[in-house]
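Trainee: Those sequence lines, one after another, are chains A and B.
When we follow this note's numbering, the leftmost residue of the first sequence carries the number -14, and every step to the right adds one.
When we follow this note's numbering, the leftmost residue of the second sequence carries the number -14, and every step to the right adds one.
The C-beta atom is built at its ideal place from N, Cα and C for all residues, glycine as well.
What follows is a structure written as structure tokens; I'll ask about it next.
Number of protein chains: 2
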Amino acid sequence: MKPRNAFYAQSGGVTAVINASACGVIETARLHPEAIGTVYAGRNGILGALREELIDTSLESDRDIAALRHTPGSAFGSCRYKLKDIEKQKAEYERLIEVMKAHDIGYFFYNGGNDSSDTAYKVSQISEKMGYPLTCIGIPKTVDNDLPITDCCPGFGSVAKYIVASIMEASLDIQSMCESSTKIFILEVMGRHAGWIAAAAGLAQRHGEDAPQIIVFPEVPFDQARFLQRVDQVVKRDGYCAMVVSEGAQFADGRFLSDSGVTDAFGHSQLGGVAPMLANLIKQELGYKHHWAVADYLQRSARHIASLTDLEQAYAVGQAAVELALKGHNAIMPVIKREQDQPYRWSIGEARLADVANVEKKMPRDFIREDGFGITDAARRYLAPLIEGEAFPPFVNGKPDYVKLRNVLVPKKVEKSFPV
Amino acid sequence: MKPRNAFYAQSGGVTAVINASACGVIETARLHPEAIGTVYAGRNGILGALREELIDTSLESDRDIAALRHTPGSAFGSCRYKLKDIEKQKAEYERLIEVMKAHDIGYFFYNGGNDSSDTAYKVSQISEKMGYPLTCIGIPKTVDNDLPITDCCPGFGSVAKYIVASIMEASLDIQSMCESSTKIFILEVMGRHAGWIAAAAGLAQRHGEDAPQIIVFPEVPFDQARFLQRVDQVVKRDGYCAMVVSEGAQFADGRFLSDSGVTDAFGHSQLGGVAPMLANLIKQELGYKHHWAVADYLQRSARHIASLTDLEQAYAVGQAAVELALKGHNAIMPVIKREQDQPYRWSIGEARLADVANVEKKMPRDFIREDGFGITDAARRYLAPLIEGEAFPPFVNGKPDYVKLRNVLVPKKVEKSFPV
């Protein structure tokens, strides 16, 4: 059997370990030259396929590909681009198949979240319909941890570890000074729709009641009076209050706290910032001096404090994607299966893309304490293993030694360009 | 000679490595039982001396004291409390001497910045005047790097390393997505009066022009038109612009950018946030999608990515403080002397507290590039060695294993309390 080429692309927001999945795909493909020719990576994700901007990864050295394991961001570029509905806009899918065909691509690996599973699924359908043999495999990735079926999502564990270390450290800082200075520290974390990342901060507690003493979840409608009362209680008890708030925190009516009417000097509504909003509220109502931090991209790109568990899983799903493809599986996604909590054991399973596509996994309600300000033991059991182990990148001259690939595009073969 | 006890206190904002200085003091004192009895630590800094709240560090195990090397924050508590002028308010100084006397304290170690040097200096004067023999030694500490005479300040190198790694990582993130999504990333860093921390971000560049493409210094009056023009140029050239802005950034008339009229829903002026302010400005004027982060306390408590050079210097100044005291030096501060840039070599020197007190070291003007948006080679030569080397803390269950001391207070001996 003549080997066929493979296409690999990353999609959506990147993570500290998505390149480890790329590394898993490429290294595993290189072990099977009898079946897989060249791995082409989409420049800027799926846009690279539509525009026929394909990166020839065979021009990258083994050493540079191995360095993807410790390099955050997206080595080939990613994008926010959702393919249109297959019925309404068949042209995009046909274009994809046309490009795949032109480069003799027999394997389609798509590394992303919910939308990407949907895309990979549709590509598998259209290729079948068009009679073009293409093995389509999704590879899970998202810091939001919201994919179904898989026990967790590669990318999440590293954000969780970053948030745990960061709030532990900042809490020690504020605690040091609280007697005569700042009493409130607020760290804003990602998670527009679910409180997975905020929940992880609960792992920073040694005992049930220490810092962070308050977590504000998107799942719990924000009640200003109860919140202020709790802040005040904690400051009176501990001398300070360290808290972690989700960017998705919202009022009972569904309005985000971050949309609550902050305007700038010109009267324009100012975007975002739950942390400054709550800090100001506390200052006005309780008079406490505050500090706040917004981690934003720092959290999801913090490869320097990635979770080894997360890294290994990110690599493993990339590796498994290729192995499953070679076994002839199609329209599936390798997933993480939890075998045991403590000591943690996991393995790779598989899910049908049809079952993953567009399904969002919510955080179980029993992960949030009844008072709404912290996590339960069930949450701890689930979360704790995901931050286990360290995987520091190499450092040169005191800086993380992140790789920059050559990213050489292969010559185009399709005559027409595609407007995207 | 009968051994005498020692007093040690931390002052002002804490750092990732101030406890390493405490470790240096206590471990070195333990090596000299013939001269130093117990090291008492002030609970919440100098307040502990005024209130006679002295922590008996002899009750802490060698192992826990050693763990201070890798624990951020202030192990005994710190404070923002400046002693009043010695002429106007002699009572405070007399109280200090009274407490020292009651506990047979012959060594006064004060770990802090400019104000603290001033306090230590005054204590040395008053003790002399009152005929109470007290050896007063300052120990340098500040993330702001603004102490004179010493080549650098313990605490700064670790913040610098954190900022370098963070902006490198976030830049990879934004670069990954810029083709179809966010084009602007702004990281706000500390440094109200000088741009040392902002300047450190320049080390993240591999070449002169890559990320962070713009640094906004407090030393360079903010010119909105020039700034916007540069942002636009960079986005058009690179596809994205990652920048680091100092919280101390200001207009030509001295107003801080963070005070530029942002109000909340209630019309109250909102504190802080240069990053969101600039992000909004860019959005309004250039229309680019943005993300921003404010590192705040995360940066100065990030022991998980401390600089080994910084850590070693923090320990060394603590150790030297005790050794110099035992040699009979008084009213001095051990300082870092740079012997050579590359390879970096340093040694410990000493400065008179009188020369350190209340003097602020500014960043040399020739550290800032002529266009005002980056650093020069001179700055690179100075900064690069300070972030060298890694000193990861131990981790247990995926979390940094920071120590919590017992912090047992010794019984009070002075009859009167002191209102503070």
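Reducing DSSP to helix, strand and coil, say where residue 41 of chain A ends up.
Mentor: It is a strand residue.
Trainee: Determine the burial state of residue 265 of chain A: buried for a count of at least 16 other Cβ atoms within 10 Å of its Cβ, exposed for fewer.
Mentor: It is buried - the Cβ of residue 265 of chain A has at least 16 other Cβ atoms within 10 Å.
Trainee: Please confirm if residue 362 of chain A has its CB atom under 9 Å from at least one CB of chain B.
Mentor: So, not an interface residue.
Trainee: Quick one: what's residue 455 of chain A bridged to in DSSP?
Mentor: Any property of residue 455 of chain A remains undetermined from this structure, which presents chain A solely from -14 to 405.
Trainee: Considering Cα atoms alone, identify which of A:128, A:212, A:34, A:306 is closest to residue 291 of chain A.
Mentor: If we check each option's Cα against that of residue 291 of chain A, A:128 comes out closest.
Trainee: List the residues of chain B whose Cβ lies closer than 7 Å to the Cβ of residue 281 of chain A, in chain order.
Mentor: 276, 277, 278
Trainee: Just to confirm, is the Cβ distance from residue 145 of chain B to residue 122 of chain B under 9 Å?
Mentor: no
Trainee: Using a C-beta cutoff of 9 Å, does residue 383 of chain A count as contacting chain B?
Mentor: With 9 Å as the cut-off, residue 383 of chain A counts as an interface residue toward chain B.
Trainee: If you check the beta carbons only, do residue 383 of chain A and residue 375 of chain B fall under 9 Å apart?
Mentor: yes
Trainee: Of all Cβ atoms in chain B, is any one closer than 9 Å to the Cβ of residue 375 of chain A?
Mentor: yes
Trainee: Please say whether residue 309 of chain A and residue 103 of chain A have beta carbons closer to each other than 9 Å?
Mentor: no
Trainee: Does the distance from the CB of residue -8 of chain A to the CB of residue 61 of chain A come in under 9 Å?
Mentor: no
Trainee: Tell me which same chain residues have a C-beta within less than 7 Å of the C-beta of residue 132 of chain B, skipping the five on either side of it?
Mentor: 98, 99, 125, 138, 341, 346
Trainee: Kindly say whether residue 435 of chain B, judged by its beta-carbon, lies nearer than 9 Å to any beta-carbon of chain A.
Mentor: Residue 435 of chain B lies beyond the residue range present for chain B, which begins at -14 and ends at 405; the question has no answer from this structure.
Trainee: Is the region 318 to 331 of chain B touching the region 163 to 178 of chain B, taking contact as three or more C-beta pairs under 8 Å?
Mentor: no
Trainee: Could you check how far apart the C-beta atoms of residue 430 of chain A and residue 274 of chain A are, in whole angstroms? I think they sit under 8 Å.
Mentor: Chain A is shown only over -14 to 405; residue 430 of chain A falls outside these bounds and no answer can be derived.
Trainee: What residues of chain A sit near residue 57 of chain B, judged by a beta carbon separation below 8 Å?
Mentor: 154, 157, 158
Trainee: Taking Cβ positions only, does residue 241 of chain A come closer than 9 Å to chain B?
Mentor: So, not an interface residue.
Trainee: With distances taken Cα to Cα, identify the nearest neighbour of residue -2 of chain B among B:83, B:-11, B:34, B:141.
Mentor: Distance check between residue -2 of chain B and each of B:83, B:-11, B:34, B:141 places B:141 closest, using alpha-carbon atoms only.
Trainee: Over the uninterrupted alpha helix (DSSP H) stretch that includes residue 335 of chain B, give me the two end residues.
Mentor: Per DSSP, residue 335 of chain B belongs to no alpha helix (DSSP H); it is in the beta strand (DSSP E), 330 to 337.
Trainee: Rounding to the nearest angstrom, what Cα-Cα distance links residue 204 of chain B and residue 234 of chain B in this structure?
Mentor: Cα to Cα, residue 204 of chain B sits roughly 8 Å from residue 234 of chain B.
Trainee: Please list the partners that residue 178 of chain A has in chain B, where partner means a Cβ-to-Cβ separation under 7 Å.
Mentor: By Cβ distance, chain B contributes nothing, its closest Cβ being about 18 Å from residue 178 of chain A, past 7 Å.
Trainee: Is residue 391 of chain B helix, strand or coil by DSSP?
Mentor: coil
Trainee: With a CB to CB cut of under 7 Å and the five nearest residues on each side skipped, what residues in its chain are close to residue 284 of chain B?
Mentor: 144, 147, 148, 174, 175
Trainee: Could you spell out where the alpha helix (DSSP H) holding residue 104 of chain A opens and where it closes?
Mentor: 99 to 114
Trainee: Nearest CA to the CA of residue 192 of chain B: which residue from B:86, B:112, B:359?
Mentor: B:359
Trainee: In terms of residues, what are the limits of the beta strand (DSSP E) holding residue -8 of chain A?
Mentor: -11 to -5
Trainee: Any idea which residues DSSP pairs residue 125 of chain A with across the strands?
Mentor: A:97
Trainee: Could you give the first and the last residue of the continuous beta strand (DSSP E) run that contains residue 405 of chain A?
Mentor: Here residue 405 of chain A belongs to no beta strand (DSSP E), and DSSP marks it neither H nor E.
Trainee: Taking Cβ-Cβ distances shorter than 9 Å, what residues in chain B pair up with residue -6 of chain A?
Mentor: Per Cβ cutoff of 9 Å: no residues; residue -6 of chain A is ~12 Å from chain B at best.
Trainee: What separation, rounded to the nearest whole angstrom, lies between the Cα atoms of residue 8 of chain B and residue 67 of chain A?
Mentor: 55 Å
Trainee: Measuring CA to CA, which of A:195, A:201, A:208 is closest to residue 222 of chain A?
Mentor: For residue 222 of chain A, the nearest C-alpha among the options comes from A:195.
Trainee: Flag this pair as yes or no: are the beta carbons of residue 228 of chain B and residue 198 of chain B separated by less than 9 Å?
Mentor: yes
Trainee: Among A:77, A:286, A:388, whose alpha-carbon lies nearest the alpha-carbon of residue 58 of chain A?
Mentor: Ranked by how close their Cα comes to the Cα of residue 58 of chain A, the residues A:77, A:286, A:388 have A:286 in first place.
Trainee: Cα separation between residue 206 of chain A and residue 242 of chain B?
Mentor: 34 Å
Trainee: Measuring CA to CA, which of A:230, A:395, A:224, A:25 is closest to residue 164 of chain A?
Mentor: A:224
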